[in-house]
Amino acid sequence: MNGSTGAGRSRTATRRRVGYGASVVVNGILLYLVNVAPGWAVLPFLSPDFSSVLPWLNASMALGVLTSIGYLAVDTPTVKGIGDLLTQAVGLIAMIRLWQVFPFDFGSDPGGWPIVVRVLLAIGIVGTAIGMIVTAVVALGGGRRWEWRRRADSSITS
């Protein structure tokens with residue numbers, strides 16, 4: 303028995319849809335908190351320069367909402383791959399802008415915080431770039447990847 307039953311696939315699809323719904327809610331809440339109330343300006347470690355990065359951060363969160371809504375309607379590997387690639391690209395631009403502008407103010411005695419934030423941004427930029435390559439390969443492969451995996455699983459359990 304391969305464990306890949308119709309009920310198992312249905313549970314997996316349901317879990318993905320719950321995840322998409324959660325993504326819509328979380329990104330929507332973040333958009334509200336950053337732009338409406340209380341707003342980003344209440345955070346003492348953000349400088350006024352943050353406003354020049356905000357459009358890219360908003361675009362990243364808004365695209366996350368839109369793609370997750372799209373995944374609720376059409377949940378195929380190709381559509382998800384393309385949506386994820388677009389979202390990652392906008393997120394990468396946002397992180398690069400954060401690196402360039404560096405709108406953080408850690409006060410007169412910042413300790414090591416500027417270095418920590420730069421390292422985390424660098425990890426995020428490199429990780430996202432690698433993720434985009436992987437996502438592009440999977441998106442271009444479309445459903446073939448999943449079909450190959452199903453055949454491989456069924457031949458092992460036969």
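For the sequence shown, this note's numbering begins at 303 and goes up steadily by one. All residues carry an ideal CB built from backbone N, CA and C; glycine is no exception.
For residue i, three-class secondary structure by DSSP
i, result
"LEU345", "coil"
"PHE406", "strand"
"ALA339", "coil"
"GLY413", "coil"
"GLY419", "A quick correction: the sequence has Val, not Gly, at residue 419. Reduced to three states, the DSSP call for VAL419 is helix."
"VAL320", "helix"
"VAL328", "helix"
"VAL428", "helix"
Enclosing alpha helix (DSSP H) for residue i [first to last residue]
i, result
"ASP386", "379-403"
"PRO350", "Looking at the DSSP string, PRO350 is not in any alpha helix (DSSP H), and its letter there is neither H nor E."
Residue environment, residue i, which counts as buried when at least 16 other CB atoms sit within 10 Å
i, result
"GLY385", "buried"
"VAL355", "buried"
"TYR373", "buried"
"PHE347", "exposed"
"SER353", "exposed"
"GLY341", "exposed"
"ASN337", "exposed"
Close-in-space but distant-in-sequence residues of the same chain around residue i (CB under 7 Å, 5 per side omitted)
i, result
"GLY426", "MET397"
"ILE395", "TRP358"
"ALA441", "THR380, GLY383, ILE384, LEU387"
Residue i versus residue j: straight-line alpha-carbon distance, rounded
i, j, result
"LYS382", "ASP411", "45 Å"
"LEU335", "SER325", "15 Å"
"MET363", "GLY413", "30 Å"
"LEU332", "ARG420", "22 Å"
"ARG313", "ILE417", "43 Å"
Cβ-based neighbour list, residue i, same chain, cut-off 8 Å, excluding 5 preceding and 5 following
i, result
"THR437", "GLY383, ASP386, LEU387, GLN390"
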